[in-house]
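Below is one structure, written out as structure tokens; the observations come after it.
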């Protein structure tokens, strides 16, 4: 599941007409990175929780016969191959609308009838993770042994805990931690740890039942972490997973720019020219000092 109903106000005016999720890192939209990660984890069915004005997002995953025909006519097989990853077959993708902005928990709850009684993954496209083994695939491999509910986690600076859901750790086993509590956006002095929840989740159907009962929490929104925390102490284990990789917060302008530079530098055809420019700018700035 991909909750993509947000308005993207931090990227105005671009997001006045362009969904934030199809803004590009180099030449691929944010949502394409998320889809590729899900596919790498073996997922074959996808749900998007959207809102009004996200039509371009739906169009992105549709086939483009005229474009494909033109590329085929011109013998541009390399570009045709790239387009294959953007196409979704009929029945593989579904769209649900979140009519009111009531938080991530509410967005997940909106898709309850499509999920039914199955475990499901949630990916937040704003969190782009560069990793040798895609983050969700790492989690699936750990989940197969543990089960329950699992959230991706990473250490953050103590002063940043107020921006995240934070784990209260029962037992630290390295990559996996057993969780005894979860606190949404605590102040640094109140945070039980600095291990923060990042936008990857593998959840069981019990979370949907919990969401049915929840009232608004931190920020006046229905928090997904609150619904997960309700399973703590039950027969459904809750764990955090320290993934291997670098996470970029593409919901912020600075994070988006950092991700763009990082992904561009990883491309052999772009690296030399970009690095040359970065070096030139750095030298000019140093001289100005």
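Residue numbers (our numbering): 105 to 393.
A virtual CB, placed ideally from N, CA and C, is assigned to each residue, including glycine.
Quick one: what does DSSP say residue 249 is sitting in, helix, strand or coil? helix
Closest to residue 344 by C-alpha separation, out of 245, 260, 282 and 295, would be which residue? 282
Should residue 330 go down as buried or exposed, given a rule of 16 or more other Cβ atoms within 10 Å for buried? buried
Please work out which residues of its chain come closer than 8 Å, Cβ to Cβ, to residue 252, disregarding the five sequence neighbours upstream and downstream, and give them in chain order. 308, 335, 340, 341, 342 and 343
Hey, out of 259, 297, 261 and 147, whose CA is closest to residue 274's CA? 297
Would you call residue 372 buried or exposed, if buried means 16 or more other Cβ atoms sit within 10 Å of its Cβ? exposed
Return yes when the Cβ of residue 165 is within less than 8 Å of the Cβ of residue 106, no when it is not. no
Could you check what DSSP says for residue 287 in three-state terms: helix, strand or coil? strand
Please report the distance separating the alpha-carbon of residue 150 from that of residue 382. 38 Å
Does residue 310 come out as helix, strand or coil in the three-state DSSP assignment? helix
What's the gap between the Cα of residue 119 and the Cα of residue 210? 22 Å
Same chain only: Cβ atoms within 7 Å of residue 147, ignoring 5 sequence neighbours per side: 225
Measuring only the C-alpha atoms, how far is residue 258 from residue 114? 24 Å
What three-state label does DSSP hand residue 114 in the structure shown? helix
Three-state secondary structure (DSSP) at residue 154? strand
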